[in-house]
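In this note's numbering, the protein residues as written are 36 to 484.
This is the structure in structure tokens:
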């Protein structure tokens, strides 16, 4: 054990291993943070949610860091709630009427136009539907009537989809016409007008009691740390939660495969005869089986559950080529003098296998185990890219599949596909650098290379 620990200390001599170990620690830190900050059930709810969950997020918005590399500053999403402003309440007791009014005021320092403009409302009344008027005040003092609405209990007014407002704005889409500088517009070149805007909301109730609340959303062209997809979902949820899923899948598959394979090879070598022959024939048959097509068939006709796939991968990988490698090493260890001494003092077969044979090749096991982790991570991502990923959980491969099927590369949404791909590459690079360094540490013949 002391020799094993001393060998591990040598990892400091390899800069690539130190960098790889740092990346692995960072990935595990992200995984732990994701599981604490967003519990599993909440992550599934968010990822499977639609407009009701992501109503205040834009569609296909790039990450906010994209503004760092642009000369023109793209707008971020602005969300304004009536709960955060002071309302002016006027009660006409004689006519039994109630008027509630307020203003949403916000700064707009951007060079581009919003994607959309929407108003979400909820109202409380007994008999008659209330009446709402909306006015838009621009930084240069212009007042534009947006709409007059008859409210239900709850609803959404899509300002950007109002054809009447578009005609009043000279044919410009409302999100452009309401925030455009009037001078360039007359010349046919809409330019965003930065400054302070105001949305005036006035609601008239035809009864002495009533209440109304609104949420005004100006959807930006950039949003969040990782951007959004076609369903308005924040990609940071899937990117963060894809980390623990990828690491757990890769580690469980690598540990389950290598440890089981090593133990099977040890039993075959020790007992020999028909036991060893049976293990070798099963291994040779299994080595020619195509793993990926089998997984595709299982995912298509049986189940896409990530845990079912994990179990099948372990079963198909147990009798892999590793058995041949371990068998060659165990044949040499079996002839060692201390094995004969163990037999002489009456050690049982299982004790000899588990206490004397297996521990001798642990140094060979560790580098291979570390290198196998990214292989299984990429395998899970490949299944998801092929449409065979678990539909209930967010993973890196699922993001890539969604981006591919929705034409992200053809529509310019490169961030959608590149971010999970970069995380996959970082994971593979980190484990590979550590694994190759460990191989040099534990294999004396490679130290001089």
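Just so it is clear, CB atoms sit at the ideal spot from N, CA and C, and this is done for glycine as well.
The region 79-94 and the region 116-124 do not touch, with fewer than three beta-carbon pairs separated by less than 8 Å. Under the three-state reduction of DSSP output, residue 387 falls in the helix class.
In the DSSP assignment, residue 180 falls within the beta strand (DSSP E) that extends over 178-185. A Cβ-Cβ distance of about 39 Å is found for the pair residue 308 and residue 418, leaving them out of contact under the 8 Å criterion. About 6 Å separates the CB atoms of residue 436 and residue 422; that is less than 8 Å, so the two are in contact. From the listed residues 264, 468, 400, the smallest Cα separation to residue 95 is found for 264. In summary, residue 306 is exposed, with fewer than 16 beta-carbon neighbours lying within 10 Å of its beta-carbon over all protein chains present.
For the 8 Å CB-CB criterion, residue 153 and residue 180 do not form a contact. Within the same chain, Cβ atoms closer than 6 Å to the Cβ of residue 364 are found at 396, the five residues on either side in sequence being excluded.
In the same chain as residue 356, and ignoring 5 residues on each side of it, the C-beta atoms closer than 7 Å to its own belong to 322, in chain order. Around the C-beta of residue 277, 16 or more other C-beta atoms lie within 10 Å, and the residue is accordingly described as buried.
Within the DSSP secondary-structure output, residue 254 pairs in a beta bridge with 151. Residue 439 sits in a helix when the DSSP states are folded into three classes.
A Cβ-Cβ contact shorter than 8 Å links residue 227 with residue 145. Taking the Cβ atoms as the reference, residue 195 lies roughly 5 Å from residue 210, within the contact range of under 8 Å. Residue pairing by DSSP places residue 235 opposite 138, 170 in a beta bridge.
If you look at residue 212, you'll find it in the alpha helix (DSSP H) that goes 209-212.
Fully contained in the region 94-141 are the following beta strand (DSSP E) runs of length 3 or more, in chain order: 113-116, 123-127.
Rounded to the nearest angstrom, the Cβ distance from residue 349 to residue 288 is 6 Å, consistent with a contact under 8 Å.
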